[in-house]
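Trainee: Here it is: the structure, laid out below.
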């Protein structure tokens, strides 16, 4: 017989927008947020009702960055276990002040609320937008952002003591911009199925920016690789299954790894395996616009490396970029794109990530 799930009461130090609520009181607040609040507050209200209902799971939408978005069920107990692991890993005790500026439709936004309720954080809801700190005039202990939000918040980052960044890779350029600042910036690794992150790395803790910084796993997570060199995650406290990812990694131990790229993005050009994400990190300092590298079929090579840049085309821009790439010493012989395409606007997934396949398809059609 299965154990009956019992939802824990909110922590005595929990505050939402400055006020304490029990579980029972939160239900009334949730209805109020849905009925009278802004759309982002309504999202929070909907999740709170899901959290407080008598089901032992929450339905969550995946991001759609690696396939069509789908709805999956995540056990509330696993969300509780994940919240506790985050609190321990990042040393975020009761009384932590937190800023919530992510959409609550996705797992990262939901988990910020779960952590606050369970761990006793004082959390404030803010509009999830590109520059969430522009109306903030107090200092917070903790916040979670996307790389895009971080890029737009650099001038006011001193208002956050500890920041986690997820939902996409933190570019080499962005890592260089956060060096030497007082905020501790952590890039996280995870997915909806792992109840947000299962590993993180402190991206502004090293003096030599060129050294790859390994990810470290959270408590109760054991890592290995399969025969493709892809990461395998065993985390019985947050998922029933052993998760086999499509992320190619260099495994340093069962707790540490260096991420190389997604195997579905790997390009086999003339027998040489090229990892787009590695090449992109080398190109980042010389390209001011959003971009990515991918491949097109080639009679001689099988696949040829191409570069897609989100910008209007001009002969001058093309020649300047070709010159910069030619002079980039970090790029290996086979890592130089054979062709550069300019695209006025990239296709995106529902939560704002670049949809590589659709962008390439629309440009080539």
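Numbering (this note's numbering), first residue to last: 370 to 734.
Note that beta-carbon positions come from the ideal geometry of N, C-alpha and C, so glycine has one too.
(1) My guess is that residue 463 and residue 382 are in contact by the Cβ rule of under 8 Å, so how many angstroms apart are they, rounded?
(2) Distance, Cα to Cα, residue 370 vs residue 538?
(3) Are the beta-carbon atoms belonging to residue 471 and residue 505 less than 8 Å from one another?
(4) Rounded to whole angstroms, what is the Cα-Cα separation between residue 734 and residue 452?
(5) Does the distance from the CB of residue 477 to the CB of residue 536 come in under 8 Å?
(6) Going by the CB atoms, is the gap between residue 619 and residue 496 shorter than 8 Å?
(7) To the nearest whole angstrom, what separates the beta carbons of residue 374 and residue 425, a pair I think is in contact under 8 Å?
(8) Could you tell me the distance, in whole angstroms, from the CA atom of residue 728 to the CA atom of residue 634?
(9) On the three-state DSSP scale, how would you describe residue 653?
(10) Within 10 angstroms of its Cβ, does residue 544 collect 16 or more other Cβ (buried), or is it exposed?
(11) Assign residue 558 to one of two classes, buried (16 or more other C-beta atoms within 10 Å of its C-beta) or exposed (fewer than that).
(12) Please work out which residues of its chain come closer than 7 Å, Cβ to Cβ, to residue 588, disregarding the five sequence neighbours upstream and downstream, and give them in chain order.
(13) Determine the direct distance from the alpha carbon of residue 483 to that of residue 625, and round the result to whole angstroms.
(14) How many whole angstroms separate the CB atoms of residue 662 and residue 707, which I take to be in contact at a CB cut-off of 8 Å?
(15) Which value, in whole angstroms, describes the spacing of the CA atoms of residue 421 and residue 465?
(16) Can you find the residues in the same chain that come closer than 8 Å, C-beta to C-beta, to residue 723, ignoring five residues on each side of it along the sequence?
(17) Do residue 703 and residue 641 have their CB atoms nearer than 8 Å?
Mentor: Let me lay it out:
(1) 4 Å
(2) In this prediction, residue 370 has a pLDDT of 40, which is less than 50 and means its spatial position is unreliable; what the coordinates show is noted afterwards. The straight-line gap from Cα to Cα measures roughly 43 Å.
(3) no
(4) 45 Å
(5) yes
(6) no
(7) 4 Å
(8) 14 Å
(9) helix
(10) buried
(11) buried
(12) 454, 457, 458
(13) 26 Å
(14) 10 Å between Cβ atoms; not a contact.
(15) 23 Å
(16) 659, 661, 715, 716, 717
(17) yes
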